[in-house]
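First comes the structure, then the notes that go with it.
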Amino acid sequence: MSTIPRQGKKALEPLRPEKATVVDVIRETHNIKSLRVVFDDEELMTSFTFQPGQVGQLGVMGAGESTFAIASPPSQREYIQFSVMKTGVVTTAIHELAVGDRVTVRAPMGNHFPVDRWQGKNVLVIGGGIGMAPLRSLFLHMMDHREEYGHLQLIYGARTPSDICYRDDCRDWKQCGDVDFITTIDTGNQDWEGRVGLVPAVLEEEEPSPENNIAVTCGPPVMIKFVLESLGKMGFRDEQIYTTLERRMKCGIGLCGRCNVGPRYVCTDGPVFSLKELGELPDEM
Amino acid sequence: MKFIASDRIDGLLERLGERGPVWAPREPEGAAGTVLFAPWRPGDAVELDRFTTLSAKKLVLPASEKLLSFSYSLTPEGEALDITGADQGRGDTVLFGARVCDARAFTVLDALLALPPGESYQDPGYRSRRRNLLVITLACTAGDAACFCSSWKEGTASTQGSDLMLYPAGEGYLARSVSPRGEELLALDIWEDSDLEPPELAVTDRVPFEALEAKLVGSLFSDLDFWRELTAKCVSCGYCTYTCPTCYCFDMYDEMSSSRDGERCRSWDACMFYLYTLETSGHNPRPTIAHRYRNRIGHKFSYYPANQGPVLCTGCGRCIRGCPVGLDIRDVLRAAGER
Numbered sequence: 121m122s123t124i125p126r127q128g129k130k131a132l133e134p135l136r137p138e139k140a141t142v143v144d145v146i147r148e149t150h151n152i153k154s155l156r157v158v159f160d161d162e163e164l165m166t167s168f169t170f171q172p173g174q175v176g177q178l179g180v181m182g183a184g185e186s187t188f189a190i191a192s193p194p195s196q197r198e199y200i201q202f203s204v205m206k207t208g209v210v211t212t213a214i215h216e217l218a219v220g221d222r223v224t225v226r227a228p229m230g231n232h233f234p235v236d237r238w239q240g241k242n243v244l245v246i247g248g249g250i251g252m253a254p255l256r257s258l259f260l261h262m263m264d265h266r267e268e269y270g271h272l273q274l275i276y277g278a279r280t281p282s283d284i285c286y287r288d289d290c291r292d293w294k295q296c297g298d299v300d301f302i303t304t305i306d307t308g309n310q311d312w313e314g315r316v317g318l319v320p321a322v323l324e325e326e327e328p329s330p331e332n333n334i335a336v337t338c339g340p341p342v343m344i345k346f347v348l349e350s351l352g353k354m355g356f357r358d359e360q361i362y363t364t365l366e367r368r369m370k371c372g373i374g375l376c377g378r379c380n381v382g383p384r385y386v387c388t389d390g391p392v393f394s395l396k397e398l399g400e401l402p403d404e405m
Numbered sequence: 006m007k008f009i010a011s012d013r014i015d016g017l018l019e020r021l022g023e024r025g026p027v028w029a030p031r032e033p034e035g036a037a038g039t040v041l042f043a044p045w046r047p048g049d050a051v052e053l054d055r056f057t058t059l060s061a062k063k064l065v066l067p068a069s070e071k072l073l074s075f076s077y078s079l080t081p082e083g084e085a086l087d088i089t090g091a092d093q094g095r096g097d098t099v100l101f102g103a104r105v106c107d108a109r110a111f112t113v114l115d116a117l118l119a120l121p122p123g124e125s126y127q128d129p130g131y132r133s134r135r136r137n138l139l140v141i142t143l144a145c146t147a148g149d150a151a152c153f154c155s156s157w158k159e160g161t162a163s164t165q166g167s168d169l170m171l172y173p174a175g176e177g178y179l180a181r182s183v184s185p186r187g188e189e190l191l192a193l194d195i196w197e198d199s200d201l202e203p204p205e206l207a208v209t210d211r212v213p214f215e216a217l218e219a220k221l222v223g224s225l226f227s228d229l230d231f232w233r234e235l236t237a238k239c240v241s242c243g244y245c246t247y248t249c250p251t252c253y254c255f256d257m258y259d260e261m262s263s264s265r266d267g268e269r270c271r272s273w274d275a276c277m278f279y280l281y282t283l284e285t286s287g288h289n290p291r292p293t294i295a296h297r298y299r300n301r302i303g304h305k306f307s308y309y310p311a312n313q314g315p316v317l318c319t320g321c322g323r324c325i326r327g328c329p330v331g332l333d334i335r336d337v338l339r340a341a342g343e344r
């Protein structure tokens, strides 16, 4: 299922990326763009599969490559989507890309949300800012397999209305009636019709029951910190809570050394960890 | 046992040179008294009495290497990108005069970088270089004040990672093969038969570290004050990581040779550097020297043994001999053990 095989001829070149081409660029916010890319190798594109939560290295030769969550769902076979916030050298190069430009991809990498183990459960997804990227893949995947899950709730927070990503998806989720979708912003304006308030506060107002529920959160570290506290207060146990970690990465295959938290490598053992698993790791966030 | 007289070592090196480039401990021109593993050519003097300042790891993990070449071009269909892998094919390289700690370091690295396919990701260059490396090791009859390889069970008697062992005896060296390739070398017509006895090998300092594997992810990890105190004099220069025979962490980066062509490279990196884990957001999970040194010791004596088996250290003492502020890893390990 991986294009970075651990066996066979190609396994000998795990650092060699696949060539891909940008087929769509979506400006999500003033500093976030979504890029849709397609492997140049048609056979590879056809056989490409992954699980929600997995990541990939998107790169521009000459600038380098960086690790991003795959933001499209596994059912999307036409392209692979990455959502990229412009912050450094590589992300700036990615933001300069246009349709038709050549990029490189190494994907999928890392572990994934254990969606198979969540069948029959309610799932509460809590995202903030660019942290929505892996959660978009997850949420769209669960919508694709709607009958396998119980109640689906998504709380998505951003700083201001103009910081909201995935506007088309948000509209769909609001209208579909089959999921409980809440958007909230830190600071409102007169045109904003959604909730106003920090994500943890909105979460506590909603007070979802921990009964048969899984909570998944991804976002800025400070949001995650308070969301985890709120979930704990509401009675969620550590094994019911999942998050994804971020670290500076280079190789993506557990060799270059820098993304470890104690003995675990975020690139190969993560990025998805349950709070229970995190509790067993040394505190090095 | 087979024997070679000291004054015939040059002849042996010449014969070894028929198999590929020979690296031996030498005092290269301009090295100001420093002994290094360096390419040997006929006529070069070999320095077998002193330890090398740098390890031999560059023979399997070069300080910098090209991973890929790439080239952009314009075609009628638009922009095209070509990517070519680096050529990993190479013949034998001979490392002559490694010490037990140097040779054992290769087997320690093998536990991560040369696992059988399927068990781990494959390191693109390490495997081929390692497979083609012939290691001729000189056993130590004397250590120095920084050596602590006797902390490991076999100590100076270990033959791990070597193809052929040399033991100082009389006016030369006794030889014993410890691999089929070493056996091939013993078949060369350069050896004499000898009834000399192998020498008494050195016994070096011993540092207990077995109990640290659990402590380093537990009580010692949360005790940041302990690490602060120990590393108060550390200047985070990275000398210990660059001279270490088992430090393997690397950086990857692109270098352009023109506006269209470039290379993706990797170079040794050092976990003691602030930039090593600095994230673009400005967040750094290991912001102080204490955090970084804790990770360095944790990786060597807990994480790596837990994940890969061996401890990521062979007691060579290089990080002790050259540390500009005299930070001695043995003091750290002993203090950690007593904590």
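If you're matching them up, the sequences are chains S and F in order. Under the working numbering, the letters of the first sequence match residues 121 to 405, in that order. Under the working numbering, the letters of the second sequence match residues 6 to 344, in that order. C-beta: ideal position from N, C-alpha, C; glycine also. Because the structure is a prediction, the values reported are computed rather than measured.
At a Cβ threshold of 8 Å, is L375 (chain S) touching chain F?
If you number the first sequence from 1, residue 375 (chain S) lands on position 255. Output row for L375 (chain S): interface = yes.
Using a Cβ-Cβ cut-off of 8 Å, state whether M181 (chain S) counts as contacting chain F.
Locating residue 181 (chain S) in the first sequence gives position 61, where the first residue counts as 1. At least one chain F Cβ lies under 8 Å of M181 (chain S).
So, is the C-beta of V386 (chain S) closer than 8 Å to a C-beta in chain F?
Numbered from its first residue, the first sequence carries residue 386 (chain S) at position 266. Not closer than 8 Å to any Cβ of chain F, the Cβ of V386 (chain S) fails to qualify, so no.
Note down, in chain order, all residues in the segment 127-144 of chain F with a beta-carbon under 7 Å from any beta-carbon belonging to chain S.
Listed by position, the residues of the segment 127-144 of chain F near chain S (Cβ gap below 7 Å) are Q127, D128, P129.
Answer with yes or no whether the minimum CB distance from M121 (chain S) to chain F is below 8 Å.
By one-based count along the first sequence, residue 121 (chain S) stands at place 1. Confidence in M121 (chain S) is poor, its pLDDT being 46 and thus under 50, which makes the residue's placement unreliable; the coordinate value appears in the next sentence. False, the Cβ-Cβ gap to chain F never drops below 8 Å.
Would L217 (chain S) and V143 (chain S) be called neighbours here (beta carbons separated by less than 8 Å)?
Counting from 1 along the first sequence, the entry for residue 217 (chain S) is found at position 97. Counting from 1 along the first sequence, the entry for residue 143 (chain S) is found at position 23. No. Outside cutoff.
Determine, using beta carbons only, whether P228 (chain S) comes closer than 8 Å to chain F.
By 1-based counting over the first sequence, the position of residue 228 (chain S) is 108. Not one chain F Cβ lies under 8 Å of P228 (chain S).
Count the CB pairs spanning the segment 203-217 of chain F and the segment 149-163 of chain F that are closer than 8 Å, and state whether there are at least three.
With the cut-off at 8 Å, the segment 203-217 of chain F and the segment 149-163 of chain F touch.
By Cβ distance, which residues of its chain are closer than 6 Å to G173 (chain S), with the 5 residues on each side in sequence left out?
On the first sequence, residue 173 (chain S) is found 53 positions in, with the first residue counted as 1. H232, F233, P254, V392.
Closest to T304 (chain S) by C-alpha separation, out of S:C290, S:D298, S:P137, would be which residue?
In the first sequence, counting from the first residue as 1, residue 304 (chain S) sits at position 184. The residue with the shortest Cα to Cα distance from T304 (chain S) is S:C290.
Suppose you measure from the CA of R20 (chain F) to the CA of D230 (chain F); what does that come to, to the nearest Å?
Locating residue 20 (chain F) in the second sequence gives position 15, where the first residue counts as 1. Locating residue 230 (chain F) in the second sequence gives position 225, where the first residue counts as 1. Going from the Cα of R20 (chain F) to the Cα of D230 (chain F) covers about 56 Å.
Note down the Cα distance separating S167 (chain F) from A108 (chain F), rounded to an integer number of angstroms.
One-based indexing of the second sequence puts residue 167 (chain F) at position 162. One-based indexing of the second sequence puts residue 108 (chain F) at position 103. Rounded to the nearest angstrom, the two C-alpha atoms are 6 Å apart.
Give me the Cα-Cα distance between M257 (chain F) and F159 (chain S), rounded to the nearest whole angstrom.
Taking the first residue of the second sequence as position 1, residue 257 (chain F) is located at position 252. Taking the first residue of the first sequence as position 1, residue 159 (chain S) is located at position 39. M257 (chain F) and F159 (chain S): Cα-Cα distance of roughly 23 Å.
Using 8 Å as the limit for Cβ to Cβ distance, is F226 (chain F) near chain S?
Here residue 226 (chain F) is taken as the residue at index 221 of the second sequence, counted from 1. It does; some Cβ of chain S falls within 8 Å.
Apply the 10 Å Cβ neighbour rule to T212 (chain S) and answer buried if 16 or more other Cβ atoms are within range, or exposed otherwise.
As a first step, residue 212 (chain S) must be located in the first sequence, where it is residue number 92. Its Cβ having fewer than 16 others within 10 Å, T212 (chain S) is exposed.
Output needed in chain order: residues of the segment 148-160 of chain S with a Cβ under 9 Å from some Cβ in chain F.
Correct list: D160.
Can you tell me the Cβ-Cβ gap for K305 (chain F) and L191 (chain F), rounded? I've got them flagged as a contact below 8 Å.
Counted from its first residue, the second sequence places residue 305 (chain F) at position 300. Counted from its first residue, the second sequence places residue 191 (chain F) at position 186. Going by Cβ atoms, the distance from K305 (chain F) to L191 (chain F) rounds to 35 Å, so no, they are not a contact pair.
Which residues of the segment 207-221 of chain S have a Cβ closer than 8 Å to any Cβ of chain F? Give them in chain order.
The residues in question are T207, G208, T211, G220, D221.
Helix, strand or coil for W238 (chain S) per DSSP?
Residue numbering aside, residue 238 (chain S) sits at position 118 when the first sequence is read from its first letter. The answer is helix: DSSP assigns W238 (chain S) an H, G or I state.
What ranges does the alpha helix (DSSP H) occupy inside the segment 285-342 of chain S, keeping only unbroken runs of at least 4 residues that lie completely in it?
List check, alpha helix (DSSP H) in window: 287-296, 319-326.
Applying the criterion that 16 or more other CB atoms from any shown protein chain within 10 Å of the CB defines a buried residue, is G248 (chain S) buried or exposed?
For the purposes of this step, residue 248 (chain S) is identified with residue 128 of the first sequence, where counting begins at 1. G248 (chain S) is buried by the Cβ-count criterion.
Going by DSSP, which residues form a beta bridge with I141 (chain F)?
As a first step, residue 141 (chain F) is located in the second sequence; it is residue number 136 there, counting from the start. DSSP, once it has assigned bridges, lists F:F101, F:L169 as partnering I141 (chain F).
Determine, using beta carbons only, whether F255 (chain F) comes closer than 8 Å to chain S.
As a first step, residue 255 (chain F) is located in the second sequence; it is residue number 250 there, counting from the start. With 8 Å as the cut-off, F255 (chain F) counts as an interface residue toward chain S.
Exposed or buried, D283 (chain S), counting other C-beta atoms within 10 Å across all chains shown (16 or more means buried)?
Here residue 283 (chain S) corresponds to residue number 163 of the first sequence, with the count starting at 1. D283 (chain S) should be labelled buried.
Is it true that the segment 351-370 of chain S meets the segment 391-405 of chain S, where meeting means three or more beta-carbon pairs spaced less than 8 Å apart?
Cβ pair count under 8 Å is three or more, so yes.
Once DSSP output is grouped into helix, strand and coil, what is the label at P33 (chain F)?
Counted from its first residue, the second sequence places residue 33 (chain F) at position 28. Residue state, collapsed to three classes: coil.
Classify V222 (chain F) as helix, strand or coil using the three-state DSSP reduction.
For the purposes of this step, residue 222 (chain F) is taken as residue 217 along the second sequence, with counting starting at 1. Correct three-state label for V222 (chain F): coil.
What span of residues does the alpha helix (DSSP H) with R134 (chain F) cover, start to end?
For the purposes of this step, residue 134 (chain F) is taken as the residue at position 129 of the second sequence. Residues 131-136.
At a CB-CB cut-off below 7 Å, which residues of chain F make contact with D358 (chain S)?
As a working note, residue 358 (chain S) is residue 238 in the first sequence. Per Cβ cutoff of 7 Å: no residues; D358 (chain S) is ~18 Å from chain F at best.
Closer than 8 Å, CB to CB, is E404 (chain S) near chain F or not?
In the first sequence, residue 404 (chain S) corresponds to position 284, counting from 1. Chain F, which has a Cβ nearer than 8 Å to the Cβ of E404 (chain S), makes this yes.
Against chain F, does G184 (chain S) count as a neighbour if the rule is that its beta carbon must be under 8 Å from one of theirs?
Counted from its first residue, the first sequence places residue 184 (chain S) at position 64. It does: the Cβ of G184 (chain S) has a partner Cβ on chain F nearer than 8 Å.
To the nearest angstrom, how far is the alpha carbon of S286 (chain F) from that of D336 (chain F)?
Residue numbering aside, residue 286 (chain F) sits at position 281 when the second sequence is read from its first letter. Residue numbering aside, residue 336 (chain F) sits at position 331 when the second sequence is read from its first letter. Cα to Cα, the separation comes out at about 36 Å.
According to a CB-to-CB cut-off of less than 8 Å, which residues of the segment 295-321 of chain F neighbour chain S?
Cβ contacts with chain S come from H296, N300, G303, H304, S307, Y308, A311, N312.
Which residues mark the beginning and the end of the alpha helix (DSSP H) in which V209 (chain S) is found?
Working through the first sequence from its first residue, we reach residue 209 (chain S) at position 89. Where V209 (chain S) is concerned, the enclosing alpha helix (DSSP H) stretches over 209-215.
With a Cβ-Cβ cutoff of 8 Å, do Q196 (chain S) and E185 (chain S) count as a contact?
Walking along the first sequence from the start, residue 196 (chain S) turns up at place 76. Walking along the first sequence from the start, residue 185 (chain S) turns up at place 65. Cβ atoms of Q196 (chain S) and E185 (chain S): not closer than 8 Å.
Distance check for R181 (chain F) and L338 (chain F), CA to CA, integer angstroms please.
Counting from one through the second sequence, the residue named residue 338 (chain F) turns up at place 333. Counting from one through the second sequence, the residue named residue 181 (chain F) turns up at place 176. About 34 Å.
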